[in-house]
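Asks:
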Amino acid sequence: MKRYYICGALAVLAMSACTNSNSWGIKGNIANAGEDDVLAIEANNAGHWYAIDSVEIKSNGDFEYIAGEPWHGRNILRVTLPGKGSVYFPVDSIDRITVTADAASFGNGRISGTPLAEGIARVDSIVAANSDRESLSRELVGVMTGDTTGLVSYYALGKSVDGSPVFNPYESLGNRAYGAVAQVYSQYRPDDPLGKAVEKAYFDGRMKLGKMPVRYVEVPETGFVDIVRYDARGKEQALKDVAKDKVVLLNFAQYDLPATPAINAMLMDLYTKYNSKGLEIYQLAFDTDEVSWREAAKNLPWVAVWNAPSDGPSVLAHYNISSLPVFYIINRNGDLIERIEKPADVPAKLARQF
Numbered sequence: 004m005k006r007y008y009i010c011g012a013l014a015v016l017a018m019s020a021c022t023n024s025n026s027w028g029i030k031g032n033i034a035n036a037g038e039d040d041v042l043a044i045e046a047n048n049a050g051h052w053y054a055i056d057s058v059e060i061k062s063n064g065d066f067e068y069i070a071g072e073p074w075h076g077r078n079i080l081r082v083t084l085p086g087k088g089s090v091y092f093p094v095d096s097i098d099r100i101t102v103t104a105d106a107a108s109f110g111n112g113r114i115s116g117t118p119l120a121e122g123i124a125r126v127d128s129i130v131a132a133n134s135d136r137e138s139l140s141r142e143l144v145g146v147m148t149g150d151t152t153g154l155v156s157y158y159a160l161g162k163s164v165d166g167s168p169v170f171n172p173y174e175s176l177g178n179r180a181y182g183a184v185a186q187v188y189s190q191y192r193p194d195d196p197l198g199k200a201v202e203k204a205y206f207d208g209r210m211k212l213g214k215m216p217v218r219y220v221e222v223p224e225t226g227f228v229d230i231v232r233y234d235a236r237g238k239e240q241a242l243k244d245v246a247k248d249k250v251v252l253l254n255f256a257q258y259d260l261p262a263t264p265a266i267n268a269m270l271m272d273l274y275t276k277y278n279s280k281g282l283e284i285y286q287l288a289f290d291t292d293e294v295s296w297r298e299a300a301k302n303l304p305w306v307a308v309w310n311a312p313s314d315g316p317s318v319l320a321h322y323n324i325s326s327l328p329v330f331y332i333i334n335r336n337g338d339l340i341e342r343i344e345k346p347a348d349v350p351a352k353l354a355r356q357f
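Numbering-wise, the sequence shown is residues 4 to 357 according to the numbering used here.
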């Protein structure tokens with residue numbers, strides 16, 4: 004069995020840190036571990052994994068590793084049982100992570116302990132539950148567009164199936180996914196080097212695909228990209244104003260699509276049920292016929308606005324939209340918390356806000 008050895012100075016440092024609360028650490032239990040099994044604690048540098056320390060597994064399967072100092076920044080590390088796979092975990096400053104696994108299937112181990120760890124675990128469960136690649140990519144994109152941590156999106160972006168990456172920045176779908184993660188970082192962690200790396204890959208991919216690069220940084224203090232358009236009565240409506248102290252269902256729509264009448268009927272039910280509790284709907288339509296749109300929109304009780312040809316498609320790029328309809332939920336704190344592509348999923352997901 005391969006062991007990872009550390010220098011004496013690091014060993015002394017780790018021992019002295021056993022009671023240090025101002026540091027990060029990882030512990031857990033590995034069922035059916037061998038008597039001499041040792042876990043490697045590994046970090047990543049430009050795609051290369053390297054051991055930073057090691058920890059022995061006790062006879063009862065327990066292990067605990069406490070670093071000598073806080074982790075600088077926020078990143079994904081992994082703990083590896085040589086020959087049996089790795090469990091990936093997030094670390095941010097003085098996080099403490101717990102791992103539960105079986106030695107025979109170590110790579111399927113479960114992590115917990117922090118909100119970041121729960122987010123990473125959710126990504127892993129999605130990958131494990133989806134054998135269909137299209138369904139997998141769709142669910143992972145949903146994680147990215149609803150994420151505010153950056154790191155969970157970054158982890159989802161890097162997932163592979165059978166050695167092949169789910170998202171390739173030089174392919175159309177993959178590039179949109181890289182753009183979504185770049186947007187998360189630009190809004191919530193603009194100085195994070197991981198975000199800069201994702202942004203570079205996104206722009207490189209856009210250029211290779213022959214597409215105009217798109218920047219995402221607008222009104223970052225609101226947690227979403229602002230939209231300012233005119234309603235059917237000629238009144239200017241800004242999304243950031245509508246969203247003040249409200250739960251907003253943001254809907255990108257097209258009224259002349261066959262499904263729109265049924266969707267608007269659903270929205271009417273939701274508006275009637277939740278408007279008195281703080282719901283507002285901001286519906287942006289992309290119809291080419293303004294007269295028909297205006298006739299349909301003028302009697303709607305929510306904020307219905309129109310994207311004129313002169314407005315261009317930039318708002319679709321900002322929100323990474325390639326087909327309609329799409330929905331977003333913005334909570335009372337002004338955070339864009341979820342992207343919904345299936346209209347049937349809207350009622351249940353919106354109900355969580357009330």
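All residues carry an ideal CB built from backbone N, CA and C; glycine is no exception. Computed from a predicted structure; not experimentally measured.
1. Could you tell me which whole beta strand (DSSP E) segments of length 3 or greater appear in the region 51-99?
2. Please name the residue or residues paired with R113 in a DSSP beta bridge.
3. Answer with buried or exposed for C10, where buried requires no fewer than 16 other C-beta atoms within 10 angstroms of its C-beta.
4. CA-CA distance, W296 and A183?
5. Could you check if D244 is buried or exposed, using at least 16 other CB atoms within 10 Å of its CB as the buried criterion?
6. Comparing alpha-carbon positions, which option in A299, F357, A204 lies nearest K249?
7. Please classify Y277: does DSSP put it in a helix, a strand, or coil?
8. I'd like to confirm the pairing. Which residues does DSSP put opposite P168 in its beta bridges?
9. What does F330 pair with, by DSSP beta-bridge criteria?
10. Taking a contact to mean a Cβ-Cβ separation below 8 Å, would you say L242 touches L253 in this structure?
11. Three-state secondary structure (DSSP) at L260?
12. Rounded to whole angstroms, what is the Cα-Cα separation between K352 and V144?
13. Would you kindly work out how many angstroms separate the C-alpha atoms of D272 and I44, rounded to a whole number?
14. Flag this pair as yes or no: are the beta carbons of L42 and L80 separated by less than 8 Å?
15. So which of R355, V201, N171 has the shortest CA-CA distance to L212?
16. Rounded to the nearest angstrom, how far is the Cβ of Y188 from that of G198, given a contact under 8 Å?
17. Within the same chain, show all residues whose beta-carbon is closer than 6 Å to that of P346, passing over the 5 residues directly before and after it, in chain order.
18. Return the CA-CA distance between E59 and D40, expressed in angstroms with no decimal places.
Replies: Looking at the atomic coordinates:
1. Complete beta strand (DSSP E) runs here, min 3: 51-59, 65-69, 74-84, 88-96.
2. Here residue 113 corresponds to residue number 110 of the sequence shown, with the count starting at 1. Answer by DSSP bridge pairing, in chain order: T103.
3. Along the sequence shown, read from residue 1 onward, the residue named residue 10 stands at position 7. Note on C10: pLDDT 36, under 50, position unreliable in the model; the coordinate value appears next. Its Cβ having fewer than 16 others within 10 Å, C10 is exposed.
4. Start at 1 with the first residue of the sequence shown, and residue 296 comes out as number 293. Start at 1 with the first residue of the sequence shown, and residue 183 comes out as number 180. Approximately 29 Å, taken between the alpha carbons.
5. The residue labelled residue 244 in the question sits at position 241 within the sequence shown. Classification for D244: exposed.
6. For this step, residue 249 is matched to residue 246 along the sequence shown. Considering only A299, F357, A204, the residue with the shortest C-alpha distance to K249 is F357.
7. To locate residue 277, count along the sequence shown from 1; it is residue 274. Taken through DSSP and simplified to helix, strand or coil, Y277 comes out as helix.
8. Locating residue 168 in the sequence shown gives position 165, counting from the first residue. According to DSSP, which records beta bridges pairwise, P168 is partnered with S163.
9. Looking up residue 330 in the sequence shown gives position 327. Paired residues: N254, I343.
10. The residue labelled residue 242 in the question sits at position 239 within the sequence shown. The residue labelled residue 253 in the question sits at position 250 within the sequence shown. In this structure, L242 sits near L253, with a CB-CB distance shorter than 8 Å.
11. By 1-based counting over the sequence shown, the position of residue 260 is 257. Of the three classes helix, strand and coil, the one that applies to L260 here is coil, per DSSP.
12. As a first step, residue 352 is located in the sequence shown; it is residue number 349 there, counting from the start. As a first step, residue 144 is located in the sequence shown; it is residue number 141 there, counting from the start. If you take the alpha carbons of K352 and V144, they lie about 17 Å apart.
13. Walking along the sequence shown from the start, residue 272 turns up at place 269. Walking along the sequence shown from the start, residue 44 turns up at place 41. So the two alpha carbons sit approximately 52 Å from each other.
14. The sequence position of residue 42 within the sequence shown is 39, counting from 1. The sequence position of residue 80 within the sequence shown is 77, counting from 1. It is not a contact, given that the beta carbons lie outside the stated cut-off.
15. Position 209 of the sequence shown holds residue 212. Cα-wise, what sits closest to L212 is N171.
16. By one-based count along the sequence shown, residue 188 stands at place 185. By one-based count along the sequence shown, residue 198 stands at place 195. 3 Å between Cβ atoms; contact.
17. Within the sequence shown, the letter at position 343 stands for residue 346. Around P346: I266.
18. Residue numbering aside, residue 59 sits at position 56 when the sequence shown is read from its first letter. Residue numbering aside, residue 40 sits at position 37 when the sequence shown is read from its first letter. Cα atoms of E59 and D40: separation of roughly 7 Å, rounded to the nearest angstrom.
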